[in-house]
């Protein structure tokens with residue numbers, strides 16, 4: 059991939075190897091993903107490996123972040139539930155959802171976790187924008203949201219909004235892991251077993267639900283382009 063202008067990147071990495079770009083070719087069990095991230099983060103923190111973005115899909119499952127409320131797990135027996143060290147509450151992962159595990163060394167970039175989260179949101183927003191979808195941040199709600207004016211108004215008279223992407227990160231020795239999930243074409247009914255991210259007043263959506271019959275491979279290309287605009291050069295992992 060081509061290097062973009064460092065002056066316009068939010069989290070540039072200068073004079074270091076490009077970020078490794080890895081795409082799993084089959085669904086990855088969640089416990090296997092966590093074990094892989096743990097090993098990769100340790101290697102990155104010790105200077106033994108370049109940074110990594112790992113794109114995966116998971117079998118259907120729920121994860122509980124460090125702020126999860128047990129009452130938000132509506133159907134505990136529906137899918138496997140994994141306690142995880144990332145921030146946030148309950149979320150769903152499954153086929154048709156692109157999960158990006160982002161393992162970056164903030165010591166070599168910018169030691170600002172709040173700004174890093176905003177940068178991940180920016181990657182999602184730019185990815186959506188490349189497909190003519192307007193994703194937006196909300197100060198009182200994590201993730202990226204899409205307005206749904208075709209749906210009934212909320213009780214307070216405001217336009218309905220659905221969540222299209224979630225974020226949850228963890229940082230160890232200033233190396234990030236976990237990351238983001240973007241709904242491409244998951245089974246949206248699977249979200250009904252939880253209160254996603256503890257927010258019950260709003261729904262969830264996907265690119266296909268919005269009328270975009272996109273393939274995961276196309277989304278991956280756009281996601282990579284947006285990532286490079288924000289974070290810098292990537293290279294296919296050999």
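In my numbering, the protein residues as written are 59 to 296. Glycine is no exception: its CB is placed at the ideal position from the N, C-alpha and C atoms.
The criterion of a C-beta distance shorter than 8 Å is not satisfied by residue 143 and residue 125. Taking the Cα positions, residue 130 is about 25 Å away from residue 114. For the pair residue 83 and residue 127, the Cα-to-Cα distance works out to about 33 Å.
Rounded to the nearest angstrom, the gap between the Cα atoms of residue 219 and residue 260 is 6 Å.
Note on geometry: alpha-carbon atoms of residue 235 and residue 290 lie some 17 Å from one another.
Annotation for residue 81: the continuous beta strand (DSSP E) segment containing it runs 77–81.
For residue 99, the three-state secondary structure derived from DSSP is helix. Along the length of the segment 117–195, whole beta strand (DSSP E) runs at least 3 residues long occupy 119–122, 139–141, 148–151, 155–161, reported in chain order. Ranking 295, 257, 78 by CA distance to the CA of residue 163 puts 78 first. For residue 248, DSSP records no beta bridge to any residue.
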